[in-house]
Each structure stands twice: as C-alpha cells, then as structure tokens.
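So the sequence lines, in the order shown, correspond to chains A and B. The first sequence: position 184 = 184 (this note's numbering), numbered continuously. The second sequence: position 48 = 48 (this note's numbering), numbered continuously. Ideal Cβ placement from N, Cα and C applies to all residues, glycine included. Okay, so here's the structure we're looking at.
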Amino acid sequence: MKFVKNHLSIIFPMVAILLGLEFFIVFDRTTKNYEESLRNSYAMLVVSKEEMSIDDFKSWDNHVFKVSEIEKSKIVNRVSSTFDKSLNKSNTLQDKMPNFYSIKLNSYLNKKELEEVKNNFLKSHKITRVETFDTLHQSNYGLFSFIKFAFSTFIVFMTIIGSFLIIKQMEVWNYMHSQRMKVMNIFGASLFLRSKVLINMALIDAIISAIFASIIFYFIQKSWLKDSNIRIIQDNLEKLFTFSDIFILMVAAMVIVMTAVILVVINVKEE
Amino acid sequence: MSNIIFAENLTLWYEENEIIINGANFSINKGDFVFITGPSGSGKSTLLQSFYGKLQPNQGQLNIGGLDMSMIKKKKLQELRSHLGIVFQDYRLINEWTVEDNVVLPLWIAGYSKKVQTEQAQRLLHHVKLSGKEKKYPMELSGGEQQRVGVARALAKNPFLILADEPTGNLDEYSSNVIWDLLENACQQLDTTVVVVTHQIPTVFNIPFKHLSIDQKGTVYEVC
Numbered sequence: 001m002k003f004v005k006n007h008l009s010i011i012f013p014m015v016a017i018l019l020g021l022e023f024f025i026v027f028d029r030t031t032k033n034y035e036e037s038l039r040n041s042y043a044m045l046v047v048s049k050e051e052m053s054i055d056d057f058k059s060w061d062n063h064v065f066k067v068s069e070i071e072k073s074k075i076v077n078r079v080s081s082t083f084d085k086s087l088n089k090s091n092t093l094q095d096k097m098p099n100f101y102s103i104k105l106n107s108y109l110n111k112k113e114l115e116e117v118k119n120n121f122l123k124s125h126k127i128t129r130v131e132t133f134d135t136l137h138q139s140n141y142g143l144f145s146f147i148k149f150a151f152s153t154f155i156v157f158m159t160i161i162g163s164f165l166i167i168k169q170m171e172v173w174n175y176m177h178s179q180r181m182k183v184m185n186i187f188g189a190s191l192f193l194r195s196k197v198l199i200n201m202a203l204i205d206a207i208i209s210a211i212f213a214s215i216i217f218y219f220i221q222k223s224w225l226k227d228s229n230i231r232i233i234q235d236n237l238e239k240l241f242t243f244s245d246i247f248i249l250m251v252a253a254m255v256i257v258m259t260a261v262i263l264v265v266i267n268v269k270e271e
Numbered sequence: 001m002s003n004i005i006f007a008e009n010l011t012l013w014y015e016e017n018e019i020i021i022n023g024a025n026f027s028i029n030k031g032d033f034v035f036i037t038g039p040s041g042s043g044k045s046t047l048l049q050s051f052y053g054k055l056q057p058n059q060g061q062l063n064i065g066g067l068d069m070s071m072i073k074k075k076k077l078q079e080l081r082s083h084l085g086i087v088f089q090d091y092r093l094i095n096e097w098t099v100e101d102n103v104v105l106p107l108w109i110a111g112y113s114k115k116v117q118t119e120q121a122q123r124l125l126h127h128v129k130l131s132g133k134e135k136k137y138p139m140e141l142s143g144g145e146q147q148r149v150g151v152a153r154a155l156a157k158n159p160f161l162i163l164a165d166e167p168t169g170n171l172d173e174y175s176s177n178v179i180w181d182l183l184e185n186a187c188q189q190l191d192t193t194v195v196v197v198t199h200q201i202p203t204v205f206n207i208p209f210k211h212l213s214i215d216q217k218g219t220v221y222e223v224c
C-alpha cells in the first residue's frame, strides 16, 4: 500500500502536468490551423478610382498578402435587375464604375489593427472606400481569443498545482532517501550510486506518467472528441494526438523528474 | 610495523576559536586494537570522524592508510571509505532494506556479483549469530541485533580498518559483550586494525589494546 502511495504521489501530479502540456501542444496545433482558415476566409474590400497593383497596396501597408480584382461585369450582372436596362446595355455603367479589390492579409488582425490598415489605405487619394467587415471578423476573433485565453489559464493552473505537488513529493523523497544516501556515502558510494535508487524510481514513475497521459489523450481523441460537433475539432481530429506526442510526453516527464531528483540529491548533506 | 593511522600536531575545530582536538600526536599500527576515551564533549567522535574524512584536519598532519587527509580528493576519499568498516552508536542501517541487503552494502557499492554478496551475507550473519534473519527488516530486530548487523556490514569487505563510535552505547550488557567479542575476533583473526570510541573500556577484554585519552582541552594522551 505504502509502495503504491509513494508512486502515485509523483505519478498523479506528473500526469496533471503532462496533460497540461499535451493540451497546450494540441491546442497550439489546432488553433494554428483554425487561425489559418480564419485568415484565409477573411478579405477586405477596397474601392479605388484607378487600377492598382499588389505592390501599390503593399507600399501602403505591409499586412497585404494577396490582392484580387473583382470583375466589374460580375458586379453589374448581380445588380442589373435594379438598374435601367438601357444603362446596362450601353456598358456606360461599367465604364463609370470604380475598381473593386478583395484584399487578403498575411495575419489575423484585431479591430484596432484593421482600422490602422484601413487608414493607411485611405491616405492615398486613389482609394475612395475601404470596408473591413470588422464586426463579423471580431465576433469570430473574440470568441476564438476567449477560448484560447480560458484554455491557457486552465493549463497554467494545472501546471502550478502539479508543480506544487511535485515540490511536496521532493520533500518526501528527501525524507525517505537522505538517510540511505548518507549511509552509502559513508561507505564510499559515488554520487550516482547513492542516487541510483531514487533515479530508477523516478524514471519508472516518469514512464508510467507519460503512458497514462498518452492513454487518457488517446481515449479523449477516439471516443469523446470523435463524437463532438465542434468544427475546429472535427477538422483537426487526426492532429489532436499523434504518435510522436508519446515521445514528447516521455521526454518532458523525464526532464521534470530528473530535475526534481537532482534538486533532492544536491540538498542531501554529505558526511 | 606499518602505520595505519598517523597523526602529527593534528588540530581539529568547527570554529577557529573553539578547538576540539589540539595538536595530537599518535600512531596506530596494523592489527592494533585502540580505545579512545574521554569525557562527554571532549572530541572523541570528532577525532574518529576525521579518520573517515567527515572533517579535514585544520592544522597538522593526519595520514590514514598512507593518504594525507588534509589534501584528499573526493574520489580518493570514496576509495578510502570503501576499504573501511564503520560502526555507529545509532547503527545507521537502511530501514527499507533487508538485513541481508544492509550487510552486503559495501560489496554492492564495490560491484560484487549477487552470488558473492549472498554467500558473504550468509557467512557474516552466521558469524554474528543472526542466521535466519536475512529477510527481516532492521526495525523488526532488537537494538543488540541491529548493532550486530552493523558490525557484520563493517566486516563485509574485509576492511583494513574498523572505526566504531560508541558501538555499545545503546546496548545492554549481553549485547555489548557480543559486540566486543566480534570486534576482538576481527582484530585477532583477520589482523584488522580496530579503533573504538567509548566512554568506558570493558572490564573484561581478552586481547592487548592501546588506549588514547582526550581531556576537556582536546589534548590527546597515549595512556598505554
């Protein structure tokens, strides 16, 4: 019972930290994709008196990624029903119409940044109007940012709790192992030999913790998330937990326990 | 006779204004049995601790097995300690290890095979009359039995020097006599040098011994 308790008291906080880490990795991976798709689906509309090139737009603002001209004929066709047919036929409308451009940006900008881009464009006398569609853009971005913040807070909280539990366990290790290490030191054991029992125990616990965290995530991916209706999850289902994550968790667990072991070992006074 | 321990003008202190051992001169030869006595706080244990390098000489010279203890490097100290047998008043056994594991600790450190360790443990536990208690844990034994495990551990690697700090301090008369017998035998049969710090030399002691006494000022006298 004591043996199980000793192991669980390090495995439990380790699993908490590793889950936090895996959540972070997965969240980072999926939100990057989501951010990319939000960026790709977003475009500003710019109206200009003269024809413009991408270089013109880039010279006013370096967030410009792609510029495509909206064909005047398409606009005329869409709105033709509301105009006088004679105007339509004579192509006068098309000739008199300004140029319309759809502009894609190279990153996902907030409302203030979008306003700055708009102002940069309007500094040119050739630009007559800029439509940022910032309300729709901001509602997506706001929700996305909130989820990101809430998730980050949860991960930080989990890591802090896990770290406190590990520090507590380090005190237990110090109490449990210092007497043995001191005795072994008196009989001429090297630092490695003195720490061997603790290192072995810690490494085994690290491996068990990494396996536990991997199993938990595997099941989250395969059962719970698979049936969820959240688009961002469905779009990235395969990326939620990859095989390489097991190694990342394993290495992270080993780094954490070895740091804890080293701190315990150097705190044991030599005799 | 070769010197196992040689001290010249040996001075030890924890703080410079509180000298514990003051300019001690003595030598201990191979096969000697030595008692170090003195009143409480006279520095008996401190002197013994300097023999296994727990503290280094602050002044003078101290040689253990030909090694200068004032200049000894960590690696050399580990090597020296692996050839010493040390017995403590509070036994210092590893409570989560079995009796057998405790006895073979010096062999485990030296990297002996499991087979050699087991054979040596059987032999030593028979010698200290603890056969059949191999798989017990220290806390399941009496104080006298624990100290016998401590002596068996000290003898495990046939050390050239056994250092014992009040080995019978916590024991009853019967258990004390058993410990004295074991230390006598080690000295007589194995020609091991034994240095024992004690309050009182046992009334019945069967082999010749040397006696170093320390007074309250930290001066070491060779009584006999």
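With fewer than 16 other Cβ atoms from the protein chains shown falling within 10 Å of its own Cβ, M71(B) counts as exposed. Against chain A, the CB of Q78(B) has a partner CB under 7 Å away; the residue lies at that interface.
Taking a C-beta distance under 7 Å as the contact criterion, G38(B) and K30(B) do not qualify as a contact pair. For L193(A), the residues of chain B that pass the 8 Å Cβ criterion are I109, in the order they occur in the chain.
Beta bridge pairing from DSSP links S213(B) with T37(B) and Y221(B). By the Cβ rule, the region 107 to 115 of chain B does not count as touching the region 210 to 219 of chain A, because fewer than three pairs are nearer than 8 Å. In terms of Cβ geometry, A156(B) and L77(B) do not form a close pair [threshold 7 Å].
Residues of the same chain with a CB within less than 7 Å of the CB of K217(B), apart from the 5 flanking positions on each side, are N22 in chain order.
Counting other Cβ atoms within 10 Å of its Cβ, C224(B) stays below 16 and is therefore classed as exposed. For chain B, none of the residues of the region 24 to 35 of chain A brings a beta carbon within less than 9 Å of one of its beta carbons. Per DSSP, the continuous beta strand (DSSP E) segment holding Q61(B) begins and ends at Q59 to I64. Taken through DSSP and simplified to helix, strand or coil, D55(A) comes out as helix.
Secondary structure at K269(A): coil, using DSSP grouped into helix, strand and coil. Using a CB distance below 8 Å, no part of the region 38 to 71 of chain A faces chain B. With respect to chain B, the C-beta atom of V261(A) has no partner C-beta closer than 7 Å.
Taken in chain order, no unbroken stretch of alpha helix (DSSP H) lies wholly in the region 136 to 212 of chain A with a span of 4 residues or more. The alpha-carbon of V261(A) is positioned some 7 Å away from that of A202(A). A direct Cα-to-Cα measurement between R78(A) and F27(A) gives close to 42 Å.
Our two residues, P13(A) and V67(A), have alpha carbons roughly 51 Å apart in a direct line. Residue-level contact by beta carbon fails for L55(B) and chain A, as no gap is shorter than 7 Å. The bridge partners DSSP lists for T193(B) are L161(B). With its beta carbon at least 7 Å from every one in chain A, S50(B) lies outside the interface. When rounded, the separation of the alpha-carbon atoms in N3(B) and V197(A) is 38 Å. For F121(A), the closest of L45(A), T153(A) and R29(A) by C-alpha to C-alpha distance is L45(A). About 5 Å separates the Cβ atoms of D61(A) and V117(A), confirming a contact at the 8 Å cut-off.
Scanning the region 62 to 119 of chain B for uninterrupted alpha helix (DSSP H) segments of 4 residues or longer gives 74 to 81, 99 to 103 and 105 to 110, listed from N- to C-terminal end. No residue range can be given for N62(A), since it is assigned to no beta strand (DSSP E) and is classified by DSSP as neither H nor E.
Our two residues, N106(A) and L18(A), have alpha carbons roughly 33 Å apart in a direct line. Under the three-pair Cβ rule at 8 Å, the region 128 to 140 of chain B does not count as touching the region 157 to 177 of chain B. T46(B) counts as buried, since at least 16 other C-beta atoms from the protein chains shown sit within 10 angstroms of its C-beta.
For I19(B), the secondary structure class from DSSP, reduced to helix, strand or coil, is strand. For V204(B), there is no enclosing beta strand (DSSP E), as DSSP marks it with neither H nor E. With contacts defined as CB atoms closer than 7 Å, P159(B) and G53(B) fail to qualify as a contacting pair.
At least one beta carbon of chain A lies nearer than 7 Å to the beta carbon of I86(B). Listed along the chain, the chain A residues whose CB falls inside 9 Å of the CB of L47(B) amount to none; the nearest CB is some 16 Å away. Between the beta-carbon of G188(A) and that of E79(B) there is about 7 Å, and that keeps the pair under the 8 Å contact cut.
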